[in-house]
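What follows is a single structure, written as structure tokens, with notes after it.
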Amino acid sequence: MNLDIPNHKDSPEILLDMVEATGVSARTLMALQPGLDSIQEKLSLVSRRETTLVEDAAYSLFGIFSISLPVVYGEGDQALGRLLAQLLTSSGDTSVLAW
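In terms of UniProt numbering, the sequence shown has 10 at position 10, counting the first letter as 1, and numbering is strictly consecutive.
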């Protein structure tokens, strides 16, 4: 891990930039932890995210959920399907499908 990279939780400037870019409150960003907890809430936080490639929306969530899947550029919507399937398999939480 590169310890020279500032943590958004330690830098008010980075946190403000993230709030402006994502529309997610500073309080929510401060509380956010990677992993399989609060899956539906995390999916809803990023549901309005715009990306150049459709699959990038799914790929950008790998770290938030601590999920490791192969990146297959050109797969389009299938990337989100693979992510949701992995979340369902890893968590057993069927609410993943309701977001």
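Note that CB positions come from ideal geometry on N, CA and C, so glycine has one too. Nothing here was measured: the structure is a model prediction, and the numbers come from that model.
Which two residues bound the contiguous alpha helix (DSSP H) that contains residue i?
i	result
residue 84	78 to 91
residue 12	12 to 22
residue 26	26 to 31
residue 55	54 to 59
residue 46	39 to 46
residue 74	Here residue 74 belongs to no alpha helix (DSSP H), and DSSP marks it neither H nor E.
Comparing C-alpha positions only, which one of the options sits nearest to residue i?
i	options	result
residue 32	8, 52, 81 and 49	8
residue 48	82, 60 and 67	60
Give the straight-line distance between the Cα atoms of residue i and residue j, rounded to the nearest whole angstrom.
i	j	result
residue 15	residue 76	30 Å
residue 41	residue 65	12 Å
residue 68	residue 28	24 Å
residue 95	residue 81	14 Å
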